[in-house]
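K.L.:
Respectively, the protein sequence lines represent chains A and B. When we follow numbering that gives the first Met the number 0, the leftmost residue of the first sequence carries the number 0, and every step to the right adds one. When we follow numbering that gives the first Met the number 0, the leftmost residue of the second sequence carries the number 0, and every step to the right adds one.
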Amino acid sequence: MTGPIIDGIIKAFQLLFSLDPEVYSIVLRSLYISGLAVVMATLWSLPIAAILGLKNFRGKRFLRGSFNAFIGFPTVVLGLLLFLLFSRSGPLGSFGLLFTPLMISIGQAILITPILVSFITSAVEAIDLSLRDLARTLGSTEIQASIAILREASGGVILAILAAFNRAFAELGVAMMVGGNIYGRTRLLTTAIALETNRGDIPFSIALGVILLAIVYTLNITINYLRRR
Amino acid sequence: MRYVFTYITVKCMKKYYGIILIAIIISAVGIAAWALNAPQDKVILTVSTTTSLYETGLLDVLDTKFEECYPNINVTFIPQGTGLAIETAKRGDADMILVHDAVREEAFLAEGYGVNRKIVAYNYFVIVGPEDDPVGIEGLGPVEALLKIKAAGEAGDAVWVSRGDDSGTHAMEKRLWIAGGGDATELRETDWYWERGSGMTATLAMANEKRGYTLCDKGSYLKNFVPGNIDLVVLVETGSIDTLNVYSAIACDPQNPDLSHVKFDEAMKFINFLVSDEIQELLADFGVEEYGLTLFNPAVRVLAESTDSTVAEWIKQTAFMDGTECPTNKRYNAGDLSFLNVEIIPLLKWETSD
C-alpha cells in the first residue's frame with residue numbers, strides 16, 4: 000500500500016512548485032496570523048519578564064512557576080475556554096470576534112505568552128546584576144535600566160520569540176476551535192491538513208505538511224544555532 | 000530483626016530506585032500494550048458512516064441491539080461525511096458503509112468497491128436560519144430561498160455557512176446551488192459564503208454564532224435545537240422530493256482484490272438487521288419521545304409495499320439506479336436479502352456536481 004503515499008508525495012511537489020494559489024494563500028495567512036500573535040504577545044511579555052527578572056516581590060516565585068507550568072498548556076483547552084468566552088452567548092460575545100483571523104491571533108498570543116515570559120525572564124536573570132546597578136549609578140531611571148538589561152539579553156529574547164512563533168505556527172487546537180477553519184478566511188496550514196486528510200485529499204495534505212515541516216525545521220535549526228552561540 | 004529488614008529494604012530501594020522505577024514503567028507500558036492488542040474472540044465490524052446518523056445517537060441504539068442479537072460481533076462506527084466514509088471504505092479501512100448520496104453510491108458500486116446496496120431510511124433536508132429571518136426566506140422553496148440568500152449575501156446582509164466537507168449534505172447543498180445557477184467553487188470565494196469543512200453540529204454552531212443560514216437534515220437540527228445548543232429555526236421545509244434525503248447501506252465487495260479482507264458475512268448480517276421489521280419499527284419510534292417526531296423514517300416497507308406511494312415514488316426517482324435499489328451485477332451472495340426493481344420514468348434527475 001505504498002502506491003498512494005508515493006503518488007501523494009509526487010502530486011504534493013507538483014502543487015508546491017506550480018505555486019498553487021490555494022496552497023500559498025494558506026501559507027501566507029498562517030504566517031500572518033502567527034506573526035501578529037507573536038507581535039502582540041511580545042508587547043505584553045517583555046514588561047512582564049523584565050519585572051519578573053529584575054524585581055523582588057511577594058508571590059514572584061509562584062508567578063514564575065505558573066508561567067513555566069503553562070508552557071505546556073493544552074491548546075484544545077485554551078481553544079475551549081476562548082470559545083466559551085467569545086461565543087455569542089459568552090461574556091465577550093459582543094465583540095463578534097469568534098471565527099475571525101484576529102481571534103486566532105489573540106488565542107495564539109495567549110498560548111505563547113508563558114513561553115515568552117519564561118524564556119525572557121531566564122535570559123534577563125542570566126545577565127550580571129551589576130550591570131543594572133552600573134546603569135543606575137550612571138543616572139538612568141528604572142525603565143531605562145530595564146531596557147538596557149533587555150538589550151543585553153537580546154539573544155535570549157530572539158530565541159524566545161522564535162520558539163514562541165514555532166509553537167503558534169504549529170498549533171492546531173486554538174485555530175480549529177476559535178477560527179473555525181473557514182475556507183479563505185481562517186483556514187491555516189494545520190487546520191487545512193486536518194481537514195484535507197479527513198476529506199481524502201492526501202496530496203494536498205502532504206504539500207501543506209511539507210511546507211509546515213520546512214518552516215518549523217528552519218526555525219528550530221535557527222533556534223539551535225542561536226542557543227549555541 | 001524487623002529493623003534490619005526495613006533497613007535493607009530502604010537501602011536497596013535507594014540504590015535501585017531508578018531501576019525499580021524503570022521496571023515499573025516498562026511493565027505498565029507492556030501491560031497496556033498487551034491489553035490493547037489482546038486477541039479478542041469478538042469479530043470487529045467497522046462501519047464508516049455519516050455524521051448525521053452518529054450525532055443523533057441512533058447508531059448507539061443500533062449498536063446495542065445488534066450486539067444483543069450477535070454477541071460475537073463488535074460493531075464500531077467511524078462517523079465521517081459521506082465522501083470520506085466512501086474514501087475510507089475504498090482504502091479498505093471499513094467493512095461496509097451507511098451513507099446518503101445516491102450519486103456517489105452509484106460510483107462506489109460501479110468502481111467495484113461495493114455490493115448489495117439496500118435503502119434503509121429517509122428524511123428531509125431543511126434550511127435553517129436566524130429566528131427574525133432578515134432575508135425573508137420563510138416558506139419559500141429551497142432554490143428560491145438560496146437565490147434570495149445569495150442576493151442578500153452580495154449586499155452584505157446575510158451569511159451562508161456551507162458544510163464544505165464532501166458529505167452527503169454538502170452534495171445536496173451543491174446540487175441546490177447548481178439548480179439556482181451557482182457553483183460552490185465560485186461561491187466560496189465570496190465574502191458571504193463560508194465553507195466550514197466540518198460536521199453538521201459544528202456547521203450549525205457556526206451558523207448560530209454568525210446568525211447565518213445553512214442546509215441541514217431534520218434529525219441533526221432537532222438534535223441540536225431541542226437541548227438549546229442553537230436558536231436557529233427551520234425556515235424552509237418542503238418535505239418533498241426536492242429536499243429528500245435517503246440513507247443506504249452498502250457492503251464492501253470481497254471480490255475486489257484490494258478489499259478481500261473485509262468482513263463480508265458480518266456486514267451482510269448488519270444490513271439484514273437494518274432492514275428487518277424490528278429495526279425498521281425502531282427507526283419509526285426513534286426520537287419521537289424526545290423530539291416529538293421521527294428523525295429517520297423507515298424506508299423498507301414504504302418501498303416494498305408502497306405504504307406511502309408518493310414517498311416511494313420520490314425515493315425511486317432520486318435514489319434508485321436505473322430502476323433498481325442495487326444493480327443486478329452488484330448483488331453478491333445476498334442470501335435472503337431482496338432488492339427492489341421498478342420501471343421508472345424519470346421526472347427529476349439531479350445533475351451530478353462534478
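Ideal Cβ placement from N, Cα and C applies to all residues, glycine included.
Kindly indicate the opening and closing residues of the alpha helix (DSSP H) around serine 47(B).
P.N.:
Not the alpha helix (DSSP H): serine 47(B) falls in the beta strand (DSSP E), residues 42-49.
K.L.:
With a CB to CB cut of under 8 angstroms and the five nearest residues on each side skipped, what residues in its chain are close to glycine 179(A)?
P.N.:
Leu97, Phe98, Thr185, listed in sequence order.
K.L.:
Pull up the DSSP beta-bridge partners for asparagine 340(B), would you.
P.N.:
Thr323(B)
K.L.:
For glycine 183(A), tell me which candidate among Tyr23(A), Ile5(A), Gly7(A) has the shortest Cα-Cα distance.
P.N.:
Tyr23(A)
K.L.:
Give me the subset of the segment 134-153 of chain B whose CB atoms are less than 9 angstroms from a CB atom of chain A, sorted by chain position.
P.N.:
none
K.L.:
Which residues in chain B sit within 9 angstroms of phenylalanine 66(A), going by Cβ to Cβ distance?
P.N.:
In chain order: nothing, as chain B lies at least about 29 angstroms away.
K.L.:
Measure the alpha-carbon distance for glycine 180(B) versus glutamate 54(B) and round it to whole angstroms.
P.N.:
32 angstroms
K.L.:
Jot down the residue ranges of each uninterrupted alpha helix (DSSP H) in the segment 51-131 of chain B, minimum 4 residues, whole runs only, in chain order.
P.N.:
57-68, 81-89, 101-109
K.L.:
At the 9 angstroms Cβ level, is threonine 351(B) part of the contact set with chain A, yes or no?
P.N.:
In this predicted model, threonine 351(B) has a pLDDT of only 46, less than 50, meaning its place in the structure is not dependable; the value taken from the coordinates is given anyway. Taking 9 angstroms as the threshold, the shortest C-beta distance from threonine 351(B) to chain A does not fall below it.
K.L.:
Would you verify that the beta carbon of leucine 44(B) is, or is not, closer than 9 angstroms to some beta carbon of chain A?
P.N.:
no
K.L.:
For histidine 169(B), does the count of other Cβ atoms within 10 angstroms reach 16, so buried, or fall short, so exposed?
P.N.:
buried
K.L.:
Express the C-alpha separation of isoleucine 148(B) and valine 310(B) in angstroms, rounding to a whole number.
P.N.:
If you draw a straight line from the Cα of valine 310(B) to the Cα of isoleucine 148(B), it comes to about 29 angstroms.
K.L.:
Expressed to the nearest angstrom, what Euclidean distance is found between the alpha-carbon atoms of serine 204(A) and tyrosine 220(B)?
P.N.:
31 angstroms
K.L.:
Output the distance between the C-alpha atoms of leucine 45(A) and arginine 187(B), rounded to the nearest integer angstrom.
P.N.:
A direct Cα-to-Cα measurement between leucine 45(A) and arginine 187(B) gives close to 40 angstroms.
K.L.:
When the distance is taken between beta carbons, is asparagine 122(B) closer than 9 angstroms to asparagine 271(B)?
P.N.:
no
K.L.:
Taking one C-beta from the segment 117-134 of chain B and one from the segment 240-255 of chain B each time, how about it: are there three or more such pairs within less than 8 angstroms?
P.N.:
yes
K.L.:
Please classify leucine 214(B): does DSSP put it in a helix, a strand, or coil?
P.N.:
The answer is strand: DSSP assigns leucine 214(B) an E or B state.
K.L.:
Any beta carbon of chain B sitting closer than 9 angstroms to that of serine 86(A)?
P.N.:
Judged by the 9 angstroms Cβ criterion, serine 86(A) is in contact with chain B.
K.L.:
Please return the same chain residues whose Cβ sits closer than 7 angstroms to the Cβ of serine 352(B), not counting the five positions on each side in sequence.
P.N.:
Annotation note: pLDDT 43 at serine 352(B) (below 50); position unreliable, no value reported.
K.L.:
Hey, quick one: how far does the beta strand (DSSP E) through leucine 234(B) stretch, first residue to last?
P.N.:
232-235
K.L.:
How big is the Cα-Cα spacing for threonine 306(B) and valine 341(B)?
P.N.:
16 angstroms
K.L.:
Alpha helix (DSSP H) containing alanine 134(A): first to last residue?
P.N.:
128-136
K.L.:
With tyrosine 224(A) as the anchor, note down where its alpha helix (DSSP H) starts and where it stops.
P.N.:
Annotation: the continuous alpha helix (DSSP H) that includes tyrosine 224(A) extends over 201-227.
K.L.:
Between the Cα of isoleucine 314(B) and those of Leu44(B), Gly91(B), His99(B), Pro70(B), spot the shortest distance and give me the residue it belongs to.
P.N.:
His99(B)
K.L.:
Starting from serine 44(A), follow the alpha helix (DSSP H) in both directions and report where the run begins and ends.
P.N.:
20-53
K.L.:
With burial defined as no fewer than 16 other Cβ atoms inside 10 Å of the residue's Cβ, what is the status of leucine 145(B): buried or exposed?
P.N.:
buried
K.L.:
Tell me which residues share the same chain as valine 225(B) and place their Cβ nearer than 6 angstroms to its Cβ, disregarding the 5 neighbours each side in the sequence.
P.N.:
Tyr290
K.L.:
Buried or exposed for serine 337(B), going by 16 or more other Cβ atoms inside 10 Å?
P.N.:
Around the beta-carbon of serine 337(B), fewer than 16 other beta-carbon atoms lie within 10 Å, marking it exposed.
K.L.:
Who are the near neighbours of leucine 35(A) in its chain, counting only those whose CB is closer than 7 angstroms to its CB and skipping five residues on each side?
P.N.:
Ser104
K.L.:
In angstroms with no decimal places, state the Cα-to-Cα distance between tryptophan 349(B) and glycine 211(B).
P.N.:
Bear in mind that the predicted position of tryptophan 349(B) carries a pLDDT of just 48, short of 50, making it unreliable; the figure below should be weighed with that in mind. So the alpha carbons of these two residues sit roughly 26 angstroms apart.
K.L.:
Restricting to runs no shorter than 4 residues, where is the alpha helix (DSSP H) found entirely within the segment 160-206 of chain A?
P.N.:
188-198
K.L.:
Is the shortest distance between the beta-carbon of lysine 348(B) and the beta-carbons of chain A less than 9 angstroms?
P.N.:
Because the pLDDT of lysine 348(B) is 49, which lies under 50, any placement of that residue in the model is unreliable, and the question is left without a value.
K.L.:
Hey, how far is the Cα of leucine 115(A) from the Cα of leucine 42(A)?
P.N.:
10 angstroms
K.L.:
Starting from tyrosine 246(B), trace the beta strand (DSSP E) both ways and give me its first and last residue.
P.N.:
243-251
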